[in-house]
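Colleague: So the sequences go chain by chain: P and F. Residues in the first sequence are numbered from 528 upward in steps of one, following this note's numbering. Residues in the second sequence are numbered from 2 upward in steps of one, following this note's numbering.
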Amino acid sequence: MSSMKAVNDCQPSFVRGLWALTRRELKKWLNDPVMLVMFILQPFIWMGLLGKSMNISGLFSADNIKLPPKISLPGYAILSPPGLQEVVLDGAVLSQILAEISSRIMEVAFGVADYFSFMAVGMVSMIVTITAMFSGMSIVWDRRLGFLDKVISTPVSRTAIILSKILNAALRAMFQATVILALAYLLGLRFSPTFTPLNLLWIYTAILLLSVGLSSIFIAFSIRSTRMERPIQFVNLITMPLMFSSNIFFPASLMPEWMQAVVRINPLTYLTDIVRHLTILPIDVTALIVDFMYLSLFAAVFATIGVVLAWKYLTR
Amino acid sequence: MIKAENLTKVFNRSLVAVDHITFNVREGEIFGFLGPNGAGKTTTINMLITVLKPTEGTASVLGFDVVRQSNEVRKAIGVVPQEFTADEDLTGYENIMLCADLYGIPREIAKKRALELLELVELTNFKDKRVETYSGGMRRRLELACGLINYPKVLFLDEPTLGLDVQTRIAVWEYIRRLRKEYDITIFMTTHYLEEADTLCDRIAIIDHGKIIVIGSPGELKDGLGGDVITIAVRENADVTSIIQEVENVKNVRKENGLYYVKVVEGEVTAPLIIEALRKKGYTVTRFSLTEPTLNEVYLEYTGRAIRDMEGSNAEIMIQRLHLRRARNG
Numbered sequence: 528m529s530s531m532k533a534v535n536d537c538q539p540s541f542v543r544g545l546w547a548l549t550r551r552e553l554k555k556w557l558n559d560p561v562m563l564v565m566f567i568l569q570p571f572i573w574m575g576l577l578g579k580s581m582n583i584s585g586l587f588s589a590d591n592i593k594l595p596p597k598i599s600l601p602g603y604a605i606l607s608p609p610g611l612q613e614v615v616l617d618g619a620v621l622s623q624i625l626a627e628i629s630s631r632i633m634e635v636a637f638g639v640a641d642y643f644s645f646m647a648v649g650m651v652s653m654i655v656t657i658t659a660m661f662s663g664m665s666i667v668w669d670r671r672l673g674f675l676d677k678v679i680s681t682p683v684s685r686t687a688i689i690l691s692k693i694l695n696a697a698l699r700a701m702f703q704a705t706v707i708l709a710l711a712y713l714l715g716l717r718f719s720p721t722f723t724p725l726n727l728l729w730i731y732t733a734i735l736l737l738s739v740g741l742s743s744i745f746i747a748f749s750i751r752s753t754r755m756e757r758p759i760q761f762v763n764l765i766t767m768p769l770m771f772s773s774n775i776f777f778p779a780s781l782m783p784e785w786m787q788a789v790v791r792i793n794p795l796t797y798l799t800d801i802v803r804h805l806t807i808l809p810i811d812v813t814a815l816i817v818d819f820m821y822l823s824l825f826a827a828v829f830a831t832i833g834v835v836l837a838w839k840y841l842t843r
Numbered sequence: 002m003i004k005a006e007n008l009t010k011v012f013n014r015s016l017v018a019v020d021h022i023t024f025n026v027r028e029g030e031i032f033g034f035l036g037p038n039g040a041g042k043t044t045t046i047n048m049l050i051t052v053l054k055p056t057e058g059t060a061s062v063l064g065f066d067v068v069r070q071s072n073e074v075r076k077a078i079g080v081v082p083q084e085f086t087a088d089e090d091l092t093g094y095e096n097i098m099l100c101a102d103l104y105g106i107p108r109e110i111a112k113k114r115a116l117e118l119l120e121l122v123e124l125t126n127f128k129d130k131r132v133e134t135y136s137g138g139m140r141r142r143l144e145l146a147c148g149l150i151n152y153p154k155v156l157f158l159d160e161p162t163l164g165l166d167v168q169t170r171i172a173v174w175e176y177i178r179r180l181r182k183e184y185d186i187t188i189f190m191t192t193h194y195l196e197e198a199d200t201l202c203d204r205i206a207i208i209d210h211g212k213i214i215v216i217g218s219p220g221e222l223k224d225g226l227g228g229d230v231i232t233i234a235v236r237e238n239a240d241v242t243s244i245i246q247e248v249e250n251v252k253n254v255r256k257e258n259g260l261y262y263v264k265v266v267e268g269e270v271t272a273p274l275i276i277e278a279l280r281k282k283g284y285t286v287t288r289f290s291l292t293e294p295t296l297n298e299v300y301l302e303y304t305g306r307a308i309r310d311m312e313g314s315n316a317e318i319m320i321q322r323l324h325l326r327r328a329r330n331g
């Protein structure tokens with residue numbers, strides 16, 4: 528016994544430390560089903576209420592407009608041949624034409640015939656954003672409660688401490704995004720014929736990239752803050768503009784030009800685009816490559832910044 | 002085991018928390034930092050456990066420099082922080098195993114050790130209960146167990162009984178004594194409880210405003226004040242000053258209104274000797290009392306104020322601690 532006590536058998540390993548810290552976070556998360564439901568509830572309500580109420584395709588539908596069976600046009604509206612007094616159109620035919628036009632408009636603007644599918648897919652980006660931000664911020668609690676100081680006093684790798692937060696954010700986001708997609712499907716999301724369950728793997732990769740980038744920003748932002756209120760306020764402030772300045776609710780091509788510029792830098796745009804192409808739209812390989820490249824760059828840059836800043840703090 | 006030389010920490014370039022302190026902790030002893038809240042105790046610990054970098058000066062633990070060889074230091078020490086840092090949402094066992102993972106202790110060894118340590122702090126029956134259901138004393142014991150998972154050579158205890166009630170406090174002292182005996186480790190602790198420093202520590206450093214004012218064993222510090230005072234009266238009407246004076250350890254004798262005030266070193270040992278000496282010469286002692294100086298008087302002597310002025314209610318302590326944390330975190 529005493530000989531064993533004399534031996535110091537610490538062999539700190541990066542992977543083990545990282546996994547231990549990540550597992551702690553995941554356990555805490557699973558232990559709190561109320562929070563889990565709350566997180567999912569928000570995008571669920573959005574897509575259920577906003578997605579269903581913004582029935583854009585209904586705007587043009589003949590049922591909605593209720594054309595009379597006969598529609599007369601004054602003669603001067605007809606340019607050729609000239610001289611006609613009045614022209615009478617068949618309302619039923621016109622309805623068909625309108626329906627045709629409306630579905631063309633939807634196809635061109637949204638890529639799909641129903642707005643709900645378009646918007647529900649965007650909720651994946653929403654939940655990834657919120658989850659990544661809040662998980663990154665949990666470092667404030669660890670700091671306030673002294674847990675962070677205790678971890679720093681152990682030989683575990685400092686990088687593992689920071690990466691565990693990032694990894695935790697990514698894993699949570701992946702899980703919640705899956706739940707959201709399943710809920711959207713139940714509410715009437717229509718997958719494109721090119722959708723296969725294998726596409727989910729790519730979606731997870733994209734979610735991982737976005738959450739790495741976003742959670743790093745938040746770790747760097749909140750690691751010096753001793754109070755929870757400020758980062759929470761910041762999340763509230765930034766979530767809405769981030770979502771509205773992306774293609775989650777509306778296609779970027781129809782926005783004013785200055786707005787399009789913002790949409791193009793917003794990483795949420797790229798995740799939304801990836802998820803759309805892999806679920807409700809036909810696959811467009813070129814677009815996907817561009818999207819993945821952008822997200823990878825975003826993740827790499829901000830993870831580096833986040834780790835460097837956090838490292839500086841941890842070794843002060 | 003621990004060496005600090007001119008160790009200094011300045012926060013935000015202006016707040017001097019620790020001011021050029023130099024001390025040495027010997028192998029196997031319990032060394033206490035005694036001082037009021039805000040004296041620089043926790044900052045000192047944080048530098049020794051490699052959480053904070055010193056602004057100036059050097060420190061080493063087990064011969065490893067806390068800055069240059071911080072990883073070696075971390076492997077060899079155990080830390081029990083002031084706060085309850087165990088994760089509330091995990092069980093006691095899960096918390097200890099988390100610590101084991103951070104230290105990279107081989108799984109099989111860690112499992113055995115976790116159970117052994119839980120047994121030591123008498124938490125075996127609660128090991129699978131979530132920490133949020135634990136009482137303050139149980140949490141403190143769990144922290145102790147976590148701090149021992151790597152069988153540290155040196156254990157750092159920051160205010161180990163802060164906020165605990167008197168009974169729990171005494172129980173925690175008992176655990177600390179047992180740790181030292183069974184795991185033969187050196188303990189560095191901070192406290193602002195005089196009684197705790199007095200009963201637990203082999204040597205004490207009194208720290209105030211970031212400076213060490215005096216270092217010594219509780220006995221030495223008290224003796225430094227001039228020793229104990231024995232008050233004696235004899236039935237006979239003769240002057241016995243010279244007889245008392247000749248007894249070993251007696252420093253001086255003063256006679257006043259028929260009473261002899263005797264200043265001595267180590268009062269408990271010397272008192273019987275004086276009585277014996279008087280009896281041999283045929284005198285009968287009719288009155289006797291022994292007053293030992295307390296650490297409180299030592300503290301008063303060195304800092305110019307009583308430490309209890311510094312103690313507040315638990316709520317005050319919490320608030321003060323929060324302010325301190327903010328200052329430290331800058």
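No residue lacks a Cβ here, since even glycine has one placed at the ideal position from N, Cα and C. Remember, predicted model here, so these are calculated numbers, not experimental data.
#1: Contact criterion: CB-CB distance below 8 Å. Does glutamine 538 of chain P meet it with respect to chain F?
#2: According to DSSP, what are the bridge partners of glutamate 57 of chain F?
#3: Between which two residues does the alpha helix (DSSP H) harbouring arginine 671 of chain P extend?
#4: Please name the residue or residues paired with serine 752 of chain P in a DSSP beta bridge.
#5: Can you check whether the CB of valine 230 of chain F is closer than 8 Å to the CB of threonine 292 of chain F?
#6: Is it the case that the segment 101 to 114 of chain F contacts the segment 39 to 53 of chain F, given that we only count it when at least three CB pairs across the two stretches are under 8 Å?
#7: Name the chain F residues that come within less than 7 Å of serine 680 of chain P, Cβ to Cβ?
#8: Between F/Thr232, F/Gly79, F/Asp199, F/Glu84, which has its C-alpha nearest glycine 220 of chain F's C-alpha?
#9: Is there at least one Cβ from chain P nearer than 8 Å to glutamate 160 of chain F's Cβ?
#10: Strictly under 8 Å for the Cβ-Cβ distance: is lysine 579 of chain P near chain F by that measure?
#11: If you follow the beta strand (DSSP E) that aspartate 224 of chain F is part of, which residue opens it and which one closes it?
#12: Please list, in chain order, all residues of the same chain as glutamate 249 of chain F whose beta carbon is under 8 Å from its beta carbon, the five residues on each side excluded.
#13: Of all the options F/Val122, F/Thr232, F/Leu119, which has the alpha carbon lying nearest to the alpha carbon of glycine 268 of chain F?
#14: Suppose the cutoff is 7 Å on Cβ atoms and the five residues either side in sequence are ignored; what does the same chain contact list for valine 17 of chain F look like?
#15: So the alpha helix (DSSP H) phenylalanine 566 of chain P belongs to, where does it begin and stop?
#16: Just the chain F side, please: which residues come within less than 8 Å of glycine 544 of chain P by C-beta, in chain order?
#17: Can you grab the Cα-Cα spacing for the pair alanine 278 of chain F / leucine 226 of chain F, in whole Å?
#18: Assign threonine 285 of chain F to one of two classes, buried (16 or more other C-beta atoms within 10 Å of its C-beta) or exposed (fewer than that).
#19: Any beta carbon from chain P within less than 8 Å of glutamate 84 of chain F's own beta carbon?
#20: Would a check of beta-carbon distances place aspartate 90 of chain F closer than 8 Å to chain P?
#21: Buried or exposed for phenylalanine 748 of chain P, going by 16 or more other Cβ atoms inside 10 Å?
#22: Would a check of beta-carbon distances place arginine 757 of chain P closer than 8 Å to chain F?
#23: On the DSSP bridge list, what partners appear for glutamate 613 of chain P?
#24: Helix or strand or just coil, what does DSSP make of methionine 190 of chain F?
#25: To the nearest angstrom, report how far apart leucine 621 of chain P and methionine 782 of chain P are at their CA atoms.
#26: Inspect the beta-carbon positions of valine 173 of chain F and glycine 228 of chain F and report whether they are closer than 8 Å.
#27: For a cutoff of 8 Å on Cβ pairs, would you count asparagine 774 of chain P as touching chain F?
#28: Using a Cβ cut-off of 8 Å (strictly closer), state whether asparagine 72 of chain F contacts chain P.
#29: Mind pulling the chain F residues with CB within less than 7 Å of alanine 830 of chain P?
#30: Is the CB of isoleucine 177 of chain F under 8 Å away from at least one CB in chain P?
#31: I want to see whether chain F comes within less than 8 Å of aspartate 818 of chain P, judged by CB atoms only; does it?
#32: For glutamate 6 of chain F, which residues in the same chain have their Cβ closer than 8 Å to its Cβ, ignoring the five residues on either side in sequence?
#33: Can you give me the start and stop residues for the beta strand (DSSP E) that isoleucine 78 of chain F sits inside?
#34: Roughly how many angstroms separate the alpha carbons of threonine 304 of chain F and leucine 260 of chain F, rounded to a whole number?
#35: Does asparagine 38 of chain F come within less than 8 Å of chain P when only Cβ atoms are used?
#36: Indicate the three-state DSSP secondary structure (helix, strand or coil) for aspartate 185 of chain F in the structure shown.
Modeller: Inspection of the coordinates gives the following:
#1: yes
#2: F/Thr9
#3: 642 to 671
#4: In DSSP, serine 752 of chain P forms no bridge with anything.
#5: yes
#6: no
#7: The answer, in chain order, is Ile50, Thr51, Val52, Arg75, Val80.
#8: F/Asp199
#9: no
#10: no
#11: Premise fails: aspartate 224 of chain F lies in the alpha helix (DSSP H), 219 to 225, not in any beta strand (DSSP E).
#12: Result list for glutamate 249 of chain F: Thr271, Leu274, in chain order.
#13: It is F/Thr232.
#14: Val11, Gly211
#15: Run containing phenylalanine 566 of chain P: 560 to 572, per the alpha helix (DSSP H) assignment.
#16: Asp102, Leu103, Gly105
#17: 26 Å
#18: exposed
#19: yes
#20: yes
#21: buried
#22: no
#23: P/Pro601
#24: The DSSP-derived three-state label of methionine 190 of chain F is strand.
#25: 30 Å
#26: No, the pair does not count as a contact, with Cβ atoms beyond the cut-off.
#27: no
#28: yes
#29: None at all; the shortest Cβ gap to chain F is about 22 Å.
#30: Not closer than 8 Å to any Cβ of chain P, the Cβ of isoleucine 177 of chain F fails to qualify, so no.
#31: It does not; no Cβ of chain F falls within 8 Å.
#32: Correct list, in chain order: Thr23, Gly58, Thr59, Ala60.
#33: 78 to 81
#34: 32 Å
#35: No, no contact with chain P.
#36: Note: aspartate 185 of chain F maps to coil in three-state DSSP.
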